[in-house]
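J.: The letter at position 209 of the sequence shown is residue 789 when you use the numbering used here, and the numbering goes up by one with no holes.
Using N, Cα and C, we set each Cβ at its ideal position, and we do this for glycine too.
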Amino acid sequence: MTGIPASAAGGSSAAKGAASGTTASGVVPASGAVSGASGAAAVPGAAGAVASGVSGGSGVSSGDSGARSARGGKLTAAAVNQASVWNIANLLTMLRLLLVPGFVALMLADGGYDPAWRSFAWAAFAVAMITDLFDGHLARTYNLVTDFGKIADPIADKAIMGAALICLSALGDLPWWVTAVILGRELGITLLRFLVIRYGVIPASRGGKLKTLTQGVAVGMYVLALTGPLATLRFWVMAAAVVLTVVTGLDYVRQAIVLRRQGIAERKAALEETEA
Numbered sequence: 581m582t583g584i585p586a587s588a589a590g591g592s593s594a595a596k597g598a599a600s601g602t603t604a605s606g607v608v609p610a611s612g613a614v615s616g617a618s619g620a621a622a623v624p625g626a627a628g629a630v631a632s633g634v635s636g637g638s639g640v641s642s643g644d645s646g647a648r649s650a651r652g653g654k655l656t657a658a659a660v661n662q663a664s665v666w667n668i669a670n671l672l673t674m675l676r677l678l679l680v681p682g683f684v685a686l687m688l689a690d691g692g693y694d695p696a697w698r699s700f701a702w703a704a705f706a707v708a709m710i711t712d713l714f715d716g717h718l719a720r721t722y723n724l725v726t727d728f729g730k731i732a733d734p735i736a737d738k739a740i741m742g743a744a745l746i747c748l749s750a751l752g753d754l755p756w757w758v759t760a761v762i763l764g765r766e767l768g769i770t771l772l773r774f775l776v777i778r779y780g781v782i783p784a785s786r787g788g789k790l791k792t793l794t795q796g797v798a799v800g801m802y803v804l805a806l807t808g809p810l811a812t813l814r815f816w817v818m819a820a821a822v823v824l825t826v827v828t829g830l831d832y833v834r835q836a837i838v839l840r841r842q843g844i845a846e847r848k849a850a851l852e853e854t855e856a
């Protein structure tokens, strides 16, 4: 009876085992004594290993590119979130700052009592007040808030109002104590905001906005060379502005005290919780 030699049979079964093992695991056997059949059968396994390696490499590559894309996206988002200094809101603030020396020059031209020059000064003051209403609204609505705007906007507000009050008092149109009360309140509240900023922000109240509007109208009426009933009216408008200035100033002081107490209490509670 003719049969297959045991060595051949062993080789064949070994080949089958190697082939099946290689195919199942996808890894080429480490044994060097493999017959031609087993080597041939191992080729698909090797191809699988290479393929899996390639796919793994592509996965790493895609993951790396994804990480880079994420980092790039964050940088782009950060760049977009930081609005350019040269936006419409800041340009209006810059215009208001530039109007201050121009207003003073017009106000004091020809001795400061010429009705025509006073009218031009009133126009400059009116433009400054109008831009004050728009720049903050534009910055908040269109996300144009910048560090420059946060600093320059209140400076521009105080500069144009202070220039008008000082010029009016220097010309004898407005008592110096009125100028001292208004400017003292404005500078004091600004300093107070900085002192309590670590505990929170004091929001602008409706009374504060009404005070600003009343001050603008009153000062504008004093800038114009008014006579008769209008001159009497501007006196009462300025009186209302002074009252609102004092009342809202005291309210801001109250808010600052409450805010500071709350901030200290919250910090103390957080410290006790951490120690516990």
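(1) Only counting the same chain, and skipping five residues up and downstream in sequence, which positions put a Cβ closer than 6 Å to that of Gly-843?
(2) CA-CA distance, Leu-892 and Leu-830?
(3) Assign Asp-737 to one of three DSSP states: helix, strand, or coil.
(4) Does the distance from the C-beta atom of Gly-800 to that of Phe-700 stay below 7 Å?
(5) Could you give the distance in angstroms between the alpha-carbon of Gly-692 and the alpha-carbon of Thr-825?
(6) Excluding sequence positions up to five away, which residues of its chain have a Cβ less than 7 Å from the Cβ of Val-665?
(7) Go ahead and label Gly-612 buried or exposed: buried means 16 or more other beta carbons lie within 10 angstroms of its beta carbon, across all protein chains shown.
(8) List, from N- to C-terminal side, the beta strand (DSSP E) runs of 3 residues or more that fit wholly inside the stretch 672 to 705.
(9) By how many angstroms is the C-alpha of Ala-850 removed from the C-alpha of Glu-766?
(10) For Thr-770, name the three-state secondary structure that DSSP assigns.
(11) So, does the stretch 805 to 816 touch the stretch 738 to 747, judging by three or more C-beta pairs under 8 Å?
(12) Quick check on Ala-821: buried or exposed, where buried means 16 or more other Cβ atoms within 10 Å of its Cβ?
(13) Please report the straight-line C-alpha distance between Val-817 and Arg-786, rounded to a whole angstrom.
(14) Just verifying my parser: in three-state terms, what is the DSSP assignment at Gly-756?
(15) For Pro-809, does the three-state DSSP call read helix, strand or coil?
(16) Smallest Cα separation from Gly-742: which of Leu-772, Leu-724 and Val-761?
(17) To the nearest angstrom, report how far apart Ile-782 and Ala-696 are at their CA atoms.
(18) Check this for me: beta carbons of Arg-720 and Ala-805, under 7 Å apart or not?
(19) For the alpha helix (DSSP H) containing Val-797, list its first residue and its last residue.
(20) Throw me the rounded Cβ distance for the Leu-772 and Ala-836 pair, which I believe falls under 8 Å.
(21) Given this structure, state the Cα-to-Cα distance separating Arg-840 from Met-687, to the nearest angstrom.
(22) Below 6 Å, is the gap between the Cβ of Val-680 and the nearest heavy atom of the ligand NAD?
T.: Here's the rundown:
(1) Here residue 843 refers to the residue found at position 263 of the sequence shown. Tyr-779, listed in sequence order.
(2) Nothing in the structure corresponds to residue 892, since the chain is present only between 581 and 856.
(3) If you number the sequence shown from 1, residue 737 lands on position 157. In this structure, Asp-737 counts as helix in the three-state DSSP scheme.
(4) As a first step, residue 800 is located in the sequence shown; it is residue number 220 there, counting from the start. As a first step, residue 700 is located in the sequence shown; it is residue number 120 there, counting from the start. Going by C-beta atoms, Gly-800 is not nearer than 7 Å to Phe-700.
(5) Here residue 692 corresponds to residue number 112 of the sequence shown, with the count starting at 1. Here residue 825 corresponds to residue number 245 of the sequence shown, with the count starting at 1. Approximately 27 Å, taken between the alpha carbons.
(6) Here residue 665 corresponds to residue number 85 of the sequence shown, with the count starting at 1. Same-chain partners within the cutoff: Thr-726 and Phe-728.
(7) As a working note, residue 612 is residue 32 in the sequence shown. For Gly-612, the predicted structure reports a pLDDT of 39, less than 50, and the residue's modelled location is therefore unreliable. A value from the coordinates is still provided. Looking at its Cβ environment, which holds fewer than 16 other Cβ atoms inside 10 Å, Gly-612 is exposed.
(8) none
(9) Stepping through the sequence shown from its first residue, residue 766 is reached at position 186. Stepping through the sequence shown from its first residue, residue 850 is reached at position 270. Straight-line Cα distance between these residues: approximately 34 Å.
(10) Position 190 of the sequence shown, counted from the first residue, corresponds to residue 770. In this structure, Thr-770 counts as helix in the three-state DSSP scheme.
(11) no
(12) By one-based count along the sequence shown, residue 821 stands at place 241. Classification of Ala-821: buried, given that the 10 Å Cβ count is 16 or more.
(13) Looking up residue 817 in the sequence shown gives position 237. Looking up residue 786 in the sequence shown gives position 206. Looking at the two C-alpha atoms, the distance is approximately 18 Å.
(14) As a working mapping, residue 756 is identified with position 176 in the sequence shown. First, the residue type needs correcting, since residue 756 is Trp and not Gly in the sequence shown. In this structure, Trp-756 counts as helix in the three-state DSSP scheme.
(15) Working through the sequence shown from its first residue, we reach residue 809 at position 229. Three-state DSSP puts Pro-809 in a helix.
(16) Position 162 of the sequence shown, counted from the first residue, corresponds to residue 742. The shortest C-alpha separation from Gly-742 is found at Val-761.
(17) Numbered from 1 along the sequence shown, position 202 holds the residue referred to as residue 782. Numbered from 1 along the sequence shown, position 116 holds the residue referred to as residue 696. When rounded, the distance between both Cα atoms is 41 Å.
(18) Locating residue 720 in the sequence shown gives position 140, counting from the first residue. Locating residue 805 in the sequence shown gives position 225, counting from the first residue. Going by C-beta atoms, Arg-720 is not nearer than 7 Å to Ala-805.
(19) Here residue 797 corresponds to residue number 217 of the sequence shown, with the count starting at 1. Val-797 -> alpha helix (DSSP H) spans 786 to 803.
(20) Locating residue 772 in the sequence shown gives position 192, counting from the first residue. Locating residue 836 in the sequence shown gives position 256, counting from the first residue. Confirmed, about 5 Å.
(21) Indexing the sequence shown from 1 puts residue 840 at position 260. Indexing the sequence shown from 1 puts residue 687 at position 107. Answer to the nearest angstrom: the Cα atoms are 42 Å apart.
(22) Looking for the ligand NAD in the displayed structure turns up nothing, as the structure carries no ligands at all.
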